[in-house]
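Novice: With my numbering applied, the sequence shown covers 1211 to 1430. Note that beta-carbon positions come from the ideal geometry of N, C-alpha and C, so glycine has one too. Please read through the structure below; I'll follow up with questions.
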Amino acid sequence: MKVLVKTDILGRNENAAAENAALFARRGIYALNLLGSPGAGKTTLLERTLTALSGELRMAVVEGDLFTVKDAARIERCGAPVVQINTSGGCHLDASMVAAALAQLDLTALDLIVIENVGNLVCPAEFALGEDAKAVVLSIAEGDDKPLKYPLIFKESAVAVLNKCDLLPHTDFDMAAARRDIEALHPGIAVLPVSSRTEEGLAAWYAWLRAAAAKKRDVR
Ligand code: MG
Ligand code: ZN
C-alpha cells in the first residue's frame, strides 16, 4: 500500500484532469469517480465489486480520505492494487492528487480504476478528476430528501446507487419519490437500488460497470 499526503501534490485542476483523462484513454482504462456521504457504503460496495468481478475485470482503486489507511487496507484485503490519498483535512480530491496516485499504479494491465472520493455530497462533484463517469452512492438511512437538497452530485453522476435497501422496512424512505427526484434532476441517469450487505440488486450494478468498461476497452 502506498500513501500520499496533500503536501506532495499541487497543480491546476483542469490541466491535471485533462492529463489524467488522456492517460486513461491511452491505456483503455475506464475511470469511475465514486461519490457519496461518509457512511453511504462506498467502500463496502467496492469490496463486493472487487470480489465479484475479479475474474473478468482487472481493477485498481484510488482511495480518498482525510486521514487513515483504513479503506485502503480493506481494498488490499480484496486483492486489488490500491493507493490511499490522505487529504489531511481536505474535503474533496482534486485531479493533481489523483495524478500522483496514478503514478504509483501499474497501468499496463487494467480495465477499471475506481476513485473513491472523500465522503461528502457537496464539493467532490465540482472537481473533475479526468474520470469517464461519476457514480453517487446514497444510502437509505440518509433519507429520500437528499437528491433535491444536493442536486449537483446527482446531475453530474451517470449512475445513482441507492444502497442499504435492506433498511427500507425500518425507515420512512420513499423509494418511488427518491427515484422520481433523481430522474427529474438527471434524465437518463441509471438508478440502482441495492444492498451491499445482502447483495440484493448488485447484479445490475455489476452489469452497468461491465458495459462501461467494455465500451472503453473496445476503443483501445
Ligand atoms: Mg470509504
Ligand atoms: Zn471540498
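Any heavy atom of the ligand ZN closer than 7 angstroms to the Cβ of histidine 1396?
Specialist: Taking the first residue of the sequence shown as position 1, residue 1396 is located at position 186. Incorrect: histidine 1396 has no Cβ contact closer than 7 angstroms to the ligand ZN.
Novice: Is it the case that the CB of asparagine 1330 approaches a heavy atom of the ligand ZN more closely than 7 angstroms?
Specialist: Working through the sequence shown from its first residue, we reach residue 1330 at position 120. It does: the Cβ of asparagine 1330 is within 7 angstroms (strictly closer) of some heavy atom of the ligand ZN.
Novice: Nearest to alanine 1313 by CA position, among Val1346, Phe1277, Val1271 and Lys1280, is which residue?
Specialist: By 1-based counting over the sequence shown, the position of residue 1313 is 103. Minimum Cα distance to alanine 1313 is reached at Val1271.
Novice: Among Pro1361, Asp1391 and Val1371, which residue has its Cα nearest to the Cα of glutamate 1410?
Specialist: Counting from 1 along the sequence shown, the entry for residue 1410 is found at position 200. It is Val1371 whose Cα lies nearest to the Cα of glutamate 1410.
Novice: Once DSSP output is grouped into helix, strand and coil, what is the label at asparagine 1327?
Specialist: Locating residue 1327 in the sequence shown gives position 117, counting from the first residue. Note: asparagine 1327 maps to coil in three-state DSSP.
Novice: Please list, in chain order, all residues of the same chain as phenylalanine 1304 whose beta carbon is under 6 angstroms from its beta carbon, the five residues on each side excluded.
Specialist: Numbered from 1 along the sequence shown, position 94 holds the residue referred to as residue 1304. The sequence as given places aspartate at residue 1304; phenylalanine does not occur at that position. Excluding sequence neighbours, aspartate 1304 sits near Asn1223 and Phe1337.
Novice: Could you say which of Ala1262, Ser1298, Leu1331 and Pro1379 lies nearest to phenylalanine 1277 if we only look at CA atoms?
Specialist: Here residue 1277 refers to the residue found at position 67 when the sequence shown is read from its first residue. Of the candidates Ala1262, Ser1298, Leu1331 and Pro1379, the one whose C-alpha sits nearest the C-alpha of phenylalanine 1277 is Ser1298.
Novice: Quick check: the region 1379-1388 against the region 1344-1355, are there 3 or more CB pairs under 8 angstroms?
Specialist: Yes, since at least three Cβ pairs between the region 1379-1388 and the region 1344-1355 fall closer than 8 angstroms, the two stretches touch.
Novice: For isoleucine 1295 versus glycine 1274, is the C-beta spacing smaller than 8 angstroms?
Specialist: Position 85 of the sequence shown holds residue 1295. Position 64 of the sequence shown holds residue 1274. The answer is yes: Cβ separation under 8 angstroms.
Novice: Any residue with its Cβ nearer than 6 angstroms to a heavy atom of the ligand MN should be included. What is that list in chain order?
Specialist: Among the ligands present in this structure, namely the ligand MG and the ligand ZN, the ligand MN is not found.
Novice: Select from Leu1233, Leu1244, Arg1420 and Trp1415 the residue whose C-alpha is nearest the C-alpha of leucine 1191.
Specialist: For residue 1191 there is no data in the structure shown, the boundaries of the chain being 1211 and 1430.
Novice: Thinking serine 1406 and leucine 1255 are a contact (beta carbons under 8 angstroms), I'd like their distance in whole angstroms, please.
Specialist: What you label residue 1406 is simply residue 196 of the sequence shown in a count that begins at 1. What you label residue 1255 is simply residue 45 of the sequence shown in a count that begins at 1. Contact flag correct, Cβ pair sits at about 5 angstroms.
Novice: Just checking my contact of isoleucine 1285 with leucine 1260 at CB under 8 angstroms: how many whole Å lie between their CB atoms?
Specialist: Along the sequence shown, one-based indexing puts residue 1285 at 75. Along the sequence shown, one-based indexing puts residue 1260 at 50. At roughly 7 angstroms, the Cβ-Cβ gap stays under 8 angstroms, so isoleucine 1285 and leucine 1260 are in contact.
Novice: Cα-Cα, which of Leu1214, His1380 and Arg1236 is closest to histidine 1300?
Specialist: On the sequence shown, position 90 is the one that residue 1300 refers to. With the sequence shown as reference, residue 1300 is identified as glycine, and histidine is not the correct amino acid for it. Per the Cα distances, Leu1214.
Novice: So the candidates are Ala1228, Glu1229, Leu1245 and Ala1226; which of them puts its Cα closest to the Cα of alanine 1345?
Specialist: Taking the sequence shown and counting its residues from 1, the one referred to as residue 1345 is at position 135. The candidate whose alpha carbon is nearest that of alanine 1345 is Leu1245.
Novice: Strictly under 8 angstroms for the Cβ-Cβ distance: is alanine 1290 near chain D by that measure?
Specialist: No chain D appears in the structure shown, which is made up of a single protein chain.
Novice: Would you tell me roughly how many angstroms separate the C-alpha atoms of alanine 1228 and proline 1379, rounded to the nearest one?
Specialist: The sequence position of residue 1228 within the sequence shown is 18, counting from 1. The sequence position of residue 1379 within the sequence shown is 169, counting from 1. Their Cα atoms are separated by approximately 44 angstroms.
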